[in-house]
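Notes for the one structure printed next.
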Amino acid sequence: INFLDILSPPKIQQPQPTMKISPATLAALALAAGSTNAFAPAAPTRSTSSLNAVSKKDTYQITLLPGDGIGPEIMSACKEVLGTLQKKCGFELEMTDALIGGAAIDAKNDPFPDESLEQCRNSDSVLLSCIGGYKWDSNPRELRPESGLLKMRKEMGLFANLRPAKVLPQLINASTLKKEIVEGVDVMCVRELTGDVYFGTPKGIDVVDGERVGYNNMIYRESEIERIARVAGDVASKRGGKLCSVDKANVLDVSQLWRDVVTDIITKEFSDVELSHMYVDNAAMQLIRWPKQFDTIVTGNIFGDILSDEASMLVGSLGMLPSASIGESGPGVFEPCHGSAPDIAGEDKANPLALILSAAMMLRYDLDRAEEAALLETAVEAVLDEGLRTADIKQEGDGCKLVGCIEMGQAVAAQLEKIEVPVEV
Numbered sequence: 003i004n005f006l007d008i009l010s011p012p013k014i015q016q017p018q019p020t021m022k023i024s025p026a027t028l029a030a031l032a033l034a035a036g037s038t039n040a041f042a043p044a045a046p047t048r049s050t051s052s053l054n055a056v057s058k059k060d061t062y063q064i065t066l067l068p069g070d071g072i073g074p075e076i077m078s079a080c081k082e083v084l085g086t087l088q089k090k091c092g093f094e095l096e097m098t099d100a101l102i103g104g105a106a107i108d109a110k111n112d113p114f115p116d117e118s119l120e121q122c123r124n125s126d127s128v129l130l131s132c133i134g135g136y137k138w139d140s141n142p143r144e145l146r147p148e149s150g151l152l153k154m155r156k157e158m159g160l161f162a163n164l165r166p167a168k169v170l171p172q173l174i175n176a177s178t179l180k181k182e183i184v185e186g187v188d189v190m191c192v193r194e195l196t197g198d199v200y201f202g203t204p205k206g207i208d209v210v211d212g213e214r215v216g217y218n219n220m221i222y223r224e225s226e227i228e229r230i231a232r233v234a235g236d237v238a239s240k241r242g243g244k245l246c247s248v249d250k251a252n253v254l255d256v257s258q259l260w261r262d263v264v265t266d267i268i269t270k271e272f273s274d275v276e277l278s279h280m281y282v283d284n285a286a287m288q289l290i291r292w293p294k295q296f297d298t299i300v301t302g303n304i305f306g307d308i309l310s311d312e313a314s315m316l317v318g319s320l321g322m323l324p325s326a327s328i329g330e331s332g333p334g335v336f337e338p339c340h341g342s343a344p345d346i347a348g349e350d351k352a353n354p355l356a357l358i359l360s361a362a363m364m365l366r367y368d369l370d371r372a373e374e375a376a377l378l379e380t381a382v383e384a385v386l387d388e389g390l391r392t393a394d395i396k397q398e399g400d401g402c403k404l405v406g407c408i409e410m411g412q413a414v415a416a417q418l419e420k421i422e423v424p425v426e427v
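The sequence shown begins at 3 in the working numbering and counts up one residue at a time.
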């Protein structure tokens, strides 16, 4: 099995058209033709989104958000790889660091300073490592790293998060589930990012009748549900044609609205998509019991936060999976699915491959550099085929070599040097 077939959309052999076809459009055609791509996000929705790349050019402005924990380590490895790619392919990524999360709190007493927001908005794309850590867990809510992440999503309009979970043949034994359960699993989780209980108001902690009472508001506007339903419908129509909407409509009024709106949008606008509904507690169980029943899942912010992590772990490690957060305009934010892993920070144990693959997604969908993205993915294929493994994907008796974050990054860069660059790059 060619690992590259899993990592990137199949090449479409056709005469050069008179009108330029963007990478996002090519991806849509590839997905419609039955691509098995695990890492690239789905094609853009019917409305304009950040997956419509900027025009191809020689120099791009990229904001890097190293964040916390293992974030700076994996970002350093990724920068080395991108540096090699630039030299090889003759374009430039002007990469500028900005603060977010705990690092921003320590430096600016703000988890996402206005200057970081402005820099992100003025960039061609944004690459984020990870945020958070025990150090800031006891801070007031507004001074926690996660508040910075929520602010970034809200202020940049990043309403949709696409997370693929495809079990790779080379790493199937890394899953904690039986081979017969996870073999062939290929799930895309489409999560709404800027609504729901994370953003609903009123919220807070008050004193009522002499005791503290905490409350949040789980709220969705019809328009918010409509736009994420259209993203999910588009994704599902270019995958297996099956969409499962997850809610808690038997208990929550907001979920009943979610179910009604999703049903209306998919029925009217995506007649080729088979829609089903599932309560979130059942969905959490079914993802473990029989994950192959799912193709595309769409759900709200808090349910998606939980289910997308659960689905990602079907493959054995979050360290292999990238993601894309997109809006209706402006740059996208590309980041690995994993967290900041503060327990191994600074120990050279982190897996940088998910961030490197996130950079490949950025190249393909925000920067109009599909060929260069494919080169990155080919290099990742090569290091895995060489038998190099970081601790999170290393299995006892697998005959593979255990390497650290630095060596894995160097290995990907070295493989890039060996790959013959196509003439058209």
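We treat Cβ as the ideally placed atom computed from N, Cα and C, and that holds for glycine.
Fair warning: this is a prediction, and the values are worked out from it, not measured in the lab.
Which class does Val56 belong to by DSSP, given the choice of helix, strand or coil?
Residue numbering aside, residue 56 sits at position 54 when the sequence shown is read from its first letter. Of the three classes helix, strand and coil, the one that applies to Val56 here is coil, per DSSP.
Straight-line Cα distance separating Tyr281 from Gly159
The residue given as residue 159 occupies position 157 in the sequence shown. The residue given as residue 281 occupies position 279 in the sequence shown. Distance between the alpha carbons of Gly159 and Tyr281: 27 Å.
For the segment 92–102 against the segment 166–178, do three or more pairs of beta-carbon atoms, one drawn from each stretch, fall closer than 8 Å, so that the two count as touching?
no
Name the residue from Leu179, Leu195, Gly197 and Ala167 whose alpha carbon lies nearest to the alpha carbon of Val189.
To locate residue 189, count along the sequence shown from 1; it is residue 187. Closest option to Val189, Cα to Cα, is Ala167.
For Gly411 and Pro354, believed in contact at Cβ under 8 Å, the rounded distance:
As a first step, residue 354 is located in the sequence shown; it is residue number 352 there, counting from the start. As a first step, residue 411 is located in the sequence shown; it is residue number 409 there, counting from the start. Confirmed, about 5 Å.
Nearest candidate by alpha-carbon position, reference Asp2, set Gly401, Pro344, Leu377 and Thr392:
Because the chain here runs from 3 to 427, residue 2 falls outside it and cannot be looked at.
Just confirm the distance between the C-beta atoms of Arg229 and Phe161, as a whole number of angstroms; I'd bet it's less than 8 Å.
Against the sequence shown, residue 229 aligns to sequence position 227. Against the sequence shown, residue 161 aligns to sequence position 159. Contact flag correct, Cβ pair sits at about 6 Å.
Taking the DSSP output, what are the residues bridged to Ile435?
With the chain covering only 3 through 427, there is no way to say anything about residue 435.
On the three-state DSSP scale, how would you describe Thr47?
Position 45 of the sequence shown, counted from the first residue, corresponds to residue 47. Only weak support exists for where Thr47 lies, its pLDDT of 34 falling under 50; the value from the coordinates is given anyway. Note: Thr47 maps to coil in three-state DSSP.
Tell me the start and end of each unbroken alpha helix (DSSP H) in the segment 178–203 that is at least 4 residues and wholly inside, in chain order.
Entirely contained in the segment 178–203, the alpha helix (DSSP H) runs reaching 4 residues are, in chain order, 181–184.
Beta-carbon proximity check, Gly235 vs Val275, cutoff 7 Å
To locate residue 235, count along the sequence shown from 1; it is residue 233. To locate residue 275, count along the sequence shown from 1; it is residue 273. Yes; because the gap between Cβ atoms is below 7 Å, this pair is in contact.
Suppose only complete runs of 4+ residues qualify. What are the alpha helix (DSSP H) ranges in the segment 194–248, listed by chain order?
The DSSP assignment places complete alpha helix (DSSP H) segments of no fewer than 4 residues inside the segment 194–248 at 224–239, in order along the chain.
Could you say which of Asn111, Thr392, Ser331 and Thr65 lies nearest to Gly150 if we only look at CA atoms?
Locating residue 150 in the sequence shown gives position 148, where the first residue counts as 1. The candidate whose alpha carbon is nearest that of Gly150 is Asn111.
What whole-angstrom Cβ distance do Gly69 and Cys122 have, given they're in contact under 8 Å?
Working through the sequence shown from its first residue, we reach residue 69 at position 67. Working through the sequence shown from its first residue, we reach residue 122 at position 120. Actually they are not in contact, since the Cβ atoms of Gly69 and Cys122 sit about 13 Å apart, beyond 8 Å.
Report the three-state DSSP secondary structure of Phe336 (helix, strand or coil).
The count along the sequence shown starts at 1 and reaches residue 336 at position 334. Reduced to three states, the DSSP call for Phe336 is strand.
Report all residues from its chain with a CB closer than 8 Å to the CB of Leu377; omit the five preceding and five following residues, and keep chain order.
Locating residue 377 in the sequence shown gives position 375, counting from the first residue. Result list for Leu377: Leu87, Lys90, Cys91, Leu418, Ile421, Val423 and Val427, in chain order.
For Lys294, collect the residues of the same chain with a Cβ closer than 7 Å to its Cβ; drop the 5 residues on either side in sequence, then sort them by chain order.
In the sequence shown, residue 294 corresponds to position 292, counting from 1. Correct list, in chain order: Gly186 and Val187.
Go to Ala362, then tell me how far its alpha helix (DSSP H) extends in each direction, as first and last residue.
For this step, residue 362 is matched to residue 360 along the sequence shown. From DSSP, the alpha helix (DSSP H) with Ala362 extends over Leu355 to Tyr367.
What is the DSSP secondary structure of Val317, reduced to helix, strand or coil?
As a position in the sequence shown, residue 317 is number 315, starting the count at 1. Note: Val317 maps to helix in three-state DSSP.
Sequence-distant residues of the same chain with beta carbon closer than 7 Å to Ile428, five excluded per side
Nothing can be reported for residue 428, as the shown portion of the chain is limited to 3 through 427.
Span of the alpha helix (DSSP H) around Gln417
Sequence index remark: in the sequence shown, residue 417 carries index 415 (1-based). Looking at the DSSP string, the run of the alpha helix (DSSP H) that includes Gln417 is Cys407 to Lys420.
Note down, in chain order, each residue of its chain lying with its Cβ closer than 8 Å to the Cβ of Lys153, except the 5 sequence neighbours on either side.
Within the sequence shown, numbered from 1, the residue matching residue 153 stands at position 151. Excluding positions up to five away in sequence, the list reads Pro113, Phe114 and Leu119.
Leaving aside the five residues before and after Thr196 along the sequence, list all residues of the same chain whose C-beta is less than 8 Å from its C-beta, in chain order.
Taking the sequence shown and counting its residues from 1, the one referred to as residue 196 is at position 194. Around Thr196: Arg155, Lys156, Gly159, Leu160, Phe161, Glu226 and Asn303.
Applying the 10 Å Cβ sphere with the 16-neighbour rule, what's the burial state of Gly71?
Residue mapping note: residue 71 aligns to position 69 of the sequence shown, counting from 1. So Gly71 ends up on the buried side.
Spell out the partners DSSP gives Tyr62 in its beta bridges.
As a working mapping, residue 62 is identified with position 60 in the sequence shown. DSSP output for Tyr62 lists Leu95 as bridge partner(s).
Cβ contact check for the segment 355–363 and the segment 330–347: 3 or more pairs under 8 Å
yes
Which word fits Thr298, buried or exposed, when buried means at least 16 other C-beta atoms lie within 10 angstroms of its C-beta?
As a first step, residue 298 must be located in the sequence shown, where it is residue number 296. With 16 or more other Cβ atoms within 10 Å, it is buried.
Taking only three categories from DSSP, how would you classify Ile328?
To locate residue 328, count along the sequence shown from 1; it is residue 326. Note: Ile328 maps to strand in three-state DSSP.
Determine the contact status of Leu390 and Val405, defining contact as a CB-CB distance below 7 Å.
Taking the first residue of the sequence shown as 1, we reach residue 390 at position 388. Taking the first residue of the sequence shown as 1, we reach residue 405 at position 403. Yes.
Which term fits Ala100, buried or exposed, when burial requires 16 or more other beta carbons within 10 angstroms of its beta carbon?
On the sequence shown, residue 100 is found 98 positions in, with the first residue counted as 1. The residue in question, Ala100, is buried, as its Cβ has 16 or more Cβ neighbours within 10 Å.
Just verifying my parser: in three-state terms, what is the DSSP assignment at Val275?
The sequence position of residue 275 within the sequence shown is 273, counting from 1. Note: Val275 maps to coil in three-state DSSP.
Determine the closest residue to Lys137 out of Asp116, Asn163, Leu129 and Ile107, with distance taken between C-alpha atoms.
Indexing the sequence shown from 1 puts residue 137 at position 135. For Lys137, the nearest C-alpha among the options comes from Ile107.
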